[in-house]
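Working notes for the structure below.
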Amino acid sequence: MIIGGSSSQKLAANIAHEMDDVLCPLETRKFPDGERYLRIKKEVDDGVVVVQSTGFPQDENLMELFLILKTLRSMGVNNIRTVIPYFGYGRQEKSFNSGEAVSAEVVCQLIEFAGASSVYSLNLHEKSICDLFRIPAFNLSAIPAIARYVEKNVEDPVIIAPDKGALGFAQEVAQILGCPSDHLEKIRLSPEKVETKPKNLDVEGRDAVIIDDIISTGGTIVNACQILKEHQVGRIVVSCVHPVLVGDALLKIFTAGADDVVGTNTLKSEVSNVSVAGLVAEALKKE
């Protein structure tokens, strides 16, 4: 049995279809003061899969997740596998300065307390978040799904990481497709002048696919598009796992020269064209 929270209803339905399982109806609404009401409207099995992304509005989506989990426990469900496609508060997994809240650790503890038996997420910002759980936690990769999209839609691409931190994603896509990859690197030409360019490859005339795990404000991607345009690439396709896309991020990316932007459906957005339902279902079937 699959339960889809407010933030992931379509994805939950797709996962249920992939697993040949049933969706459990869920009623959720807000009281006039903003507090949330929730009711699970069907008898449930002893094993349930809950699907709920915890992106914006993070606090509301997390509270709904906690209510779902705790309610299932009160109904006698012992095995609650919890799929959190995008893990909100996942960027602060340790304290960088004295007095900082380690928000990822707090969220992990609350998910456990609410009743999750295991947790599945996709391309966590830091893999070490899995170690903050005392229950089984799995960090799945949506990169193969993105690679399949690129294979169908881009001919003879070069895969570009917008910075060194995303190089692993670019290399993973390139290895799947059998094509070259590179990352943009800053080179200091003088104390006053810095040049950013592809580290190893000549990209002139090539179709470039920029890949990152998260696109939030879009600043890094805008910079990458502008640099690739200066190096006279062909088409530019921007791709990511989690299309957070704050404010006018998407508009800025297209204005910078992107021909297409694609993300997965870990979050709902107008570019969420790559489904992770199949890979999540596959992981759930293994357990």
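Going from the sequence shown to our numbering is simple: count from 1 and add 333.
Where a beta carbon is used, it is the ideal one built from N, C-alpha and C, also for glycine.
Owing to the predicted nature of the structure, the values given are computational and were not obtained by experimental measurement.
Need the endpoints of the beta strand (DSSP E) that residue i sits in, please.
| i | result |
| --- | --- |
| alanine 541 | 540–548 |
| cysteine 573 | 569–576 |
| tyrosine 280 | As displayed, the chain neither begins before 334 nor continues past 620, which places residue 280 out of reach and without an answer. |
| phenylalanine 502 | Phenylalanine 502 -> not in any beta strand (DSSP E); alpha helix (DSSP H) instead, spanning 500–510. |
| lysine 601 | Unbroken run through lysine 601: none, as it is neither H nor E. |
| valine 483 | First-last for valine 483: 476–486, but that is the alpha helix (DSSP H), not the beta strand (DSSP E). |
Just the Cα atoms here: how many angstroms apart are residue i and residue j?
| i | j | result |
| --- | --- | --- |
| valine 542 | alanine 503 | 9 Å |
| lysine 497 | glutamate 518 | 7 Å |
| lysine 460 | alanine 437 | 12 Å |
| serine 341 | aspartate 515 | 34 Å |
| methionine 352 | alanine 470 | 20 Å |
| isoleucine 468 | valine 381 | 16 Å |
| phenylalanine 466 | asparagine 412 | 16 Å |
| glutamate 397 | glycine 338 | 7 Å |
| isoleucine 335 | leucine 405 | 12 Å |
| cysteine 463 | tyrosine 419 | 13 Å |
| arginine 362 | glycine 538 | 52 Å |
| valine 483 | serine 474 | 16 Å |
| arginine 424 | histidine 458 | 6 Å |
| glutamine 559 | alanine 480 | 23 Å |
| glycine 499 | lysine 374 | Contrary to the premise, residue 499 reads as alanine rather than glycine in this sequence. If you take the alpha carbons of alanine 499 and lysine 374, they lie about 43 Å apart. |
| leucine 617 | valine 383 | 11 Å |
| phenylalanine 399 | glutamate 368 | 13 Å |
| threonine 621 | alanine 591 | In this structure the chain extends from 334 to 620, so residue 621 is not present and cannot be described. |
| glutamate 433 | lysine 427 | 9 Å |
| alanine 349 | histidine 564 | 45 Å |
| phenylalanine 446 | threonine 550 | 33 Å |
| valine 440 | glutamine 385 | 14 Å |
| leucine 443 | glycine 567 | 47 Å |
| serine 450 | arginine 414 | 6 Å |
Can you tell me where the alpha helix (DSSP H) with residue i in it begins and where it stops?
| i | result |
| --- | --- |
| serine 436 | 436–447 |
| arginine 326 | Because residue 326 is not part of the residues shown, which for the chain are 334 to 620, the question remains open. |
| glutamate 351 | 342–352 |
| lysine 585 | 582–588 |
| leucine 561 | 552–563 |
Per DSSP, which residues does residue i bridge with? Please list them.
| i | result |
| --- | --- |
| histidine 516 | Ala494 |
| proline 471 | Sequence check: residue 471 is phenylalanine here, not proline. Its beta-bridge partners are Tyr453. |
| aspartate 593 | Val570 |
| glycine 337 | Val384 |
| arginine 362 | Tyr370 |
| leucine 356 | Ile335 |
| asparagine 412 | Gly380 |
| valine 607 | Thr597 |
| isoleucine 417 | Ser454 |
Please find out if some non-hydrogen atom of the ligand GTP comes closer than 7 Å to the beta-carbon of residue i.
| i | result |
| --- | --- |
| lysine 375 | Among the ligands in the structure shown, none appear at all, so the ligand GTP cannot be discussed. |
(request) Could I get the ranges of all uninterrupted beta strand (DSSP E) runs contained in the segment 367–398, with 3 residues as the minimum, in chain order? (result) 369–373 and 380–384
(message) Using 8 Å as the cut-off, can you tell me whether the segment 574–582 makes contact with the segment 610–617, which would need three or more C-beta pairs spanning the two stretches below that distance?
(response) no
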